[in-house]
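Visitor: Okay, here's the structure, questions in a sec.
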Amino acid sequence: MTFSPELEARFAKLLNSYPPGRQRSAVVPMLLYAQDEIGCVTQELVEEVAHRCGVTALQVDEVIGYYSMLHRKPLGKYHVQICTNIACQAVGAEDLWAHACKNLQLGNKEVSPDGLISLEEVECIGACAWAPAIQINYDFHHQVTPEKFDRLMQALADRTYSARPS
Amino acid sequence: MAEVINFTIDGQKLQAAPGTLVINAAKQAGISIPSFCYYDNLALQAACRMCLVEVEKTPKLQVACTLPVAEGMVVHTDTPQVHQARKSMVEFLLTNHPLDCPVCDKGGECELQDMAFRYGAGFSRFREAKIHVDEKQWSPVVYYDAPRCILCYRCVRICGEGLGVSALGIGNRGAMAEIVPNRGDHLECDECGACIDICPVGALTSGAYRYKTRPWEMEHVGTVCTHCSNGCKTTLGVRNGRIIRANNRDRSGVNGEFLCIKGRYGFDFYDHPDRLTTPLVRQGGELKPVSWAQALAVVAKRFTEIRARNGKFAVIGSNHTTNEENYQLQKFARQVLRTSNIDHHRTGDVATLLDALQGRASALASTADLVNAKAALVIDSDLAQEQPLLAFSLRFNWRINQGHVYAVTPGPVREDNYATTVRAEPGREFEQLQLLKDRLAAEPELVILFGAAIKGEDIRRLVAFGDSLGIPVKYVALVDYSNSRGASDMGLLPDLLPGYRPVSEAGLEPGLDYDQILAATDLNALWVVGANPLSRQPLASQDAFVVVQDLFLTETAQRADVVLPAFCAYEKNGTVTNVCGDVQKLTRGPKTMGPKPDLDIIALLAKEMREDLGPTKVADVFAEIRNRVHGYNLPLVVIESGGAAQAVPPNDRIQIQSRPEVVRSAGNTLYTSGTLGRYSPMLNSVLEAPGALYHDPHIAPFVAKGSVQVDTTEKYG
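Chains as they are written, first to last, in numbering that gives the first Met the number 0: chain A, 0 to 165; chain B, 0 to 716.
Set out below in structure tokens:
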């Protein structure tokens, strides 16, 4: 399996970051970076990572089954993650989640037909001070009201989205 | 750090070596701390939290299975707080555990059941509906019932650490976590069933045993597996005279609790529908069932007649029959039939090794040596396929005792994962050995295990190589079947009497070997006991009177004039000698009707011919062997109590004619076992069958790392 030169360089650095015999430590970051490039975790990727880290494919599967941010199916171009954990819940995250599902016509872990947006209900993303918070790909958006959420979604649809909206 | 740590458990002042875990220290003092996930010789897990104990000056309860003892530590294992914790743990483990004990295979020998009985509450605070997942079948032998699973990781660890297969893992997380097999919906592995035996609950169940019986309804008979030469102790669960299961949960014998698929599931050949139950005599060109008396009379009459006219006899013995039977068979051949034409399928050149060692003391490794030796060298054998216990033992040695393992093989072997391995084409092993020489000579001691490819003069070269290392070296000549070594020791050889004495001592000339017997055109009678030589080549003597003792109508039996149905090892009493020379006792398990033990058949035949073969009972024959066969004067107490005692090699040269060409490995894999394997439905039903030698079994894709360069590799540590 081949990756982009940048990713290969990143992998090479990763595998050298751990003491000899501890290359399995690289499994999680390798999967995450490769997932970003490929779009999801494929069986081919599982076997490649297993081979490179000296573990069995099953041991990589165990990791994928455990961590919710590793996905077997392709996500949308923008993966919208809404935190409904306690801090966000206290300030309306569940309403926001219901609003998002209704407006996007998507359920948990579903992808829009055009492949642009996928929606996921997530546990705490560590942005409690700015609850309710959501995460689009790797970007946080704070104090998201249903109105703010709609503006963000519109921006995604209009291709005018930027990670740092006003 | 002090050599000895002083601490207190439940008021007992105790001492233990530094690093001893509290759970083990308590066990040594007779204090039982319950645990599910803790398991001897497996990595620590601390998953089940059953072993919580109170340690003074420590605010919270501690897990005894990962807590090493410390100087002055005061531990309490039996306080109200500890009881409450255990009760809560059982309650938690039972959250999703179904209450199906009455139909669960494990009921009666279930650790969770025992714990629930001892600590559990009669009610649960968890009122939610239990999560149910349907049971899955992963292979013909392994079934998994996720709701019963308590996620102790024992199966994952025994498969990965113990066997080196790593076919099991954990999928999902939290309440949905469950054990998953390596091939999505099924297993591709050794099918050894270790995961099933080690499971403390009924989550993993065995295809052979499930729903057949309750544990307390069986008699548990400790005997020795009849398949390969490793001589694993197996405990047969027998009910109503039939074998229901085999395992070795009491960890007796040379194997501890290890068994491969053959030991756990390969017993089923014994009640195959094709099993012979009555003697057959050829009448009008066809084999017809007759009574034992008639069949024995026919054989006795023909044998007497052929002997009277100085006819030519030949006897081919078995790799599976007991020492007593082999001893009596060679006695019959030499004393009654007055022939030296006796041999067996030699699967390793044991006699030449013993000769090359010239009787030096303790130069043969026992099975226990493989676990404890500082270093071991495997030559020309795919141990994981051919000698599963030895493979397990060497891995155990590396894993627990930091032993070093080297392997010189033609193809990839599982030892590649942890050993220093070198590829060598057949015939070029010694070149590679020279490259390894410095490394080997630096070891404090070495056990060399070699396959059938090393035979004749090569064995002498190997012993010379061992001597040149300047360290104590022990040897194991690898053989293939349960009593291959015993057949050799008991004199099923054309030029050697029992104990490797020359035939001249019995006033005989060396006779025909295995190949010569089959190729001879002038045999008048051939007696084959528990062997199938005609599966490979036809018998050249067209007119020979052929008598076959076997379990099945094999190719050889089809050619016979008289077929006498014999017991298999599970139905016999007696002793067998494993690959390392360890003698162990067989105990009769099932009560099969019809066939007879080979010992009785030999005795009855002698009686029918009015010959005196001496003792007829197993114990009496063994007593004679102990008296007369060099090396077999073994402690009866050890053997009778189910232990293993190593036969001592002869203490001088052996006058053997070198016949390396008749030494051939049967090439059995984990899933084949000669004739017996052909009649075992379970061995044939697993997807992996028939297995492959020197071949990456695709168990773990990372196994094949290719040839390792001797000078650059330091894999252990």
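Using N, Cα and C, we set each Cβ at its ideal position, and we do this for glycine too.
As the structure is a prediction and not an experimental result, all values here were calculated from the model.
1. Let me know if B:Asn247 comes out buried or exposed under the rule of 16 or more other beta-carbons within 10 Å of its beta-carbon.
2. When you check each C-beta in the region 160 to 172 of chain B against every C-beta of chain A, which residues fall closer than 8 Å?
3. Rounded to the nearest angstrom, how far is the Cβ of B:Ser481 from that of B:Thr225, given a contact under 8 Å?
4. Please look up how many angstroms separate the CB atoms of B:Tyr513 and B:Asp342, rounded, as I've assumed it's under 8 Å.
5. When the Cβ atoms of the region 561 to 575 of chain B are set against those of the region 590 to 598 of chain B, are three or more pairs found closer than 8 Å?
6. So the alpha helix (DSSP H) A:Ala86 belongs to, where does it begin and stop?
7. Does the region 485 to 504 of chain B come into contact with the region 289 to 298 of chain B, if we say contact requires no fewer than three beta-carbon pairs (one atom in each stretch) closer than 8 Å?
8. With a threshold of 7 Å between beta carbons, is A:Gly64 in contact with chain B?
9. Looking only at DSSP bridge pairs, what is B:Lys595 linked to?
10. Taking only the alpha-carbon atoms, compute the straight-line gap between B:Ser679 and B:Pro139 and give it to the nearest angstrom.
11. By a C-beta neighbour count over all protein chains shown, 10 Å radius and 16 as the cutoff for buried, is A:Ala49 buried or exposed?
12. List the endpoints of the continuous alpha helix (DSSP H) containing B:Cys194.
13. In or out: B:Ile378 buried (at least 16 other Cβ within 10 Å) or exposed?
14. Since B:Val179 meets chain A, which of its residues come closer than 8 Å, beta carbon to beta carbon?
15. Can you tell me which of the three DSSP states A:Pro131 falls into?
16. Considering only the alpha carbon of each residue, which of B:Leu434, B:Pro199, B:Pro79 lies closest to B:Phe35?
17. Give the straight-line distance between the Cα atoms of B:Asn340 and B:Asp354, rounded to the nearest whole angstrom.
18. Tell whether a beta-carbon distance below 7 Å holds between B:Cys231 and B:Gly262.
19. Could you spell out the range, first to last residue, of the alpha helix (DSSP H) harbouring B:Gly573?
20. Would you mind stating whether B:Pro409 and B:Glu424 have Cβ atoms separated by less than 7 Å?
21. Within the region 241 to 300 of chain B, note down every full beta strand (DSSP E) run reaching 3 residues or more, in order along the chain.
22. Kindly indicate which residue of B:Leu369, B:Thr234, B:His131, B:Leu352 has the alpha-carbon position closest to the one of B:Ile243.
23. Suppose the cutoff is 7 Å on Cβ atoms and the five residues either side in sequence are ignored; what does the same chain contact list for B:Arg652 look like?
24. If I'm right that B:Asn396 touches B:Leu369 with Cβ under 8 Å, what's the distance once you round it to whole angstroms?
25. Touching or not, the region 652 to 671 of chain B and the region 580 to 596 of chain B, by the rule of three or more beta carbon pairs under 8 Å?
26. Which residue from B:Asn577, B:Arg413, B:Asp581 puts its Cα closest to that of B:Gly161?
27. May I ask you to report which of helix, strand or coil DSSP gives B:Tyr326?
28. Contact defined as beta carbons within less than 8 Å: I believe B:Leu203 pairs with B:Val132. What is the distance between those atoms, to the nearest angstrom?
29. CB-CB under 7 Å to A:Ile32, same chain, minus the five flanking residues each way: which ones, in chain order?
30. CB-CB under 6 Å to B:Val73, same chain, minus the five flanking residues each way: which ones, in chain order?
31. Considering B:Phe429, what are the terminal residues of the alpha helix (DSSP H) in which it resides?
32. Using the rule of at least 16 other Cβ atoms within 10 Å of the residue's Cβ for burial, across every protein chain shown, is A:Trp96 buried or exposed?
Guide: According to the structure shown:
1. buried
2. Against chain A - using a Cβ distance shorter than 8 Å - the residues of the region 160 to 172 of chain B are Ser165, Ala166, Leu167, Gly168, Ile169, Gly170, Asn171, Arg172.
3. So it is a contact: roughly 5 Å between Cβ atoms.
4. Contact holds; Cβ gap of about 4 Å.
5. yes
6. 85 to 89
7. no
8. yes
9. B:Ala565
10. 13 Å
11. With 16 or more other Cβ atoms within 10 Å, it is buried.
12. 193 to 197
13. buried
14. Leu57, Asp60, Glu61, Gly64
15. coil
16. B:Pro199
17. Using only the alpha carbons, I get a separation of about 21 Å.
18. Yes, the pair counts as a contact, with Cβ atoms nearer than the cut-off.
19. For B:Gly573, there is no enclosing alpha helix (DSSP H); the enclosing beta strand (DSSP E) covers residues 573 to 576.
20. A contact, by the Cβ cut-off of 7 Å.
21. 241 to 246, 279 to 282, 285 to 288
22. Ranking the options by Cα distance to B:Ile243, first place goes to B:Thr234.
23. Cβ-Cβ distances below 7 Å link B:Arg652 to Asp354, Gln357 in the same chain, with the five nearest sequence neighbours on each side left out; the list follows chain order.
24. Going by Cβ atoms, the distance from B:Asn396 to B:Leu369 rounds to 6 Å, so yes, they are a contact pair.
25. no
26. B:Arg413
27. Three-state result, B:Tyr326: helix.
28. Actually they are not in contact, since the Cβ atoms of B:Leu203 and B:Val132 sit about 14 Å apart, beyond 8 Å.
29. Correcting the residue type first, residue 32 of chain A is Tyr in the shown sequence and not Ile. If we look at A:Tyr32 and ignore the five residues flanking it on each side, its Cβ neighbours are Leu6, Arg9.
30. Thr7, Glu55
31. 428 to 440
32. Looking at its Cβ environment, which holds 16 or more other Cβ atoms inside 10 Å, A:Trp96 is buried.
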